[in-house]
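Sequential numbering of the sequence shown, starting at 0, is according to numbering that gives the first Met the number 0.
All residues carry an ideal CB built from backbone N, CA and C; glycine is no exception.
To start, the structure itself, in structure tokens.
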Amino acid sequence: MLVHDTVGTSRSQAEIDQIRLSLQARHDELTEEYQQAVQQSQVLRLVEVGDTAGDDQADSGTKTAERDTAQSLLRTILDRRAQFEHALARLAEGTYGFCEGCTAPIPVERLEIFPSATTCVSCKQTRERRAA
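The following block contains the structure:
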């Protein structure tokens, strides 16, 4: 279990340490994933630069799509890593597990599935409706 059953109450130091380790482990995994994706992107660029002779429009289009996909992946990984950095900062502040919108405790089940969650389900749904 990621957090204690009663999120809204004070956590023991052992629980905080467990949460911190879990969040930090995922952050580290994302950092490694990002580094691998950067290396793959660099290899793709090197191949692209060295292999342009005889390219037609379809080849150019494929290379552009591959480059866009690689860049999108990098942005996604960086965004997810930033979410875990924010969660670690909130843990240090003592606000982890509480909704940034209404300050109510975020359900344990939500935090177990999405440990970097910053809002309760109700506030998240409200935010998504406004964005639509």
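query                                                                                                                                : result
Does the structure place the region 23-34 close enough to the region 100-107 that three or more beta carbon pairs sit under 8 Å?     : no
Please report the distance separating the alpha-carbon of Gln17 from that of Arg89.                                                  : 15 Å
On a Cα-Cα basis, can you pick out the residue from Leu43, Ala91, Pro106 that is closest to Ile15?                                   : Ala91
For the region 67-77 against the region 105-115, are there 3 or more C-beta pairs whose distance is under 8 Å?                       : no
Between the Cα of Phe97 and those of Arg80, Lys123, Glu127, Leu43, spot the shortest distance and give me the residue it belongs to. : Lys123
Between which two residues does the alpha helix (DSSP H) containing Ser121 stretch?                                                  : 120-130
Taking Arg80 as the reference, which of Ser121, Arg10, Ala24 has the closest Cα?                                                     : Ala24
Helix, strand or coil for Thr83 per DSSP?                                                                                            : Just to set this straight, residue 83 is Phe in the shown sequence, not Thr. If DSSP states are grouped into helix, strand and coil, Phe83 belongs with the helices.
Report the partner residues of Pro104 according to the DSSP bridge assignment.                                                       : Phe97
Count the other CB atoms within 10 Å of the CB of Leu45; is the residue buried (16 or more) or exposed (fewer)?                      : exposed
Can you tell me whether DSSP reads Leu44 as helix, strand or coil?                                                                   : For the record, residue 44 in the displayed sequence is Arg; it is not Leu. DSSP places Arg44 in helix when its eight states are reduced to three.
As a quick exercise: from Glu65, Ala13, Arg19, pick the residue whose alpha carbon is nearest that of Leu87.                         : Arg19
Report the rounded CA-to-CA distance for Ala64 versus Gln12, giving the unit in angstroms.                                           : 48 Å
When the Cα atoms are used, what is the spatial distance from Leu22 to Thr61?                                                        : 37 Å
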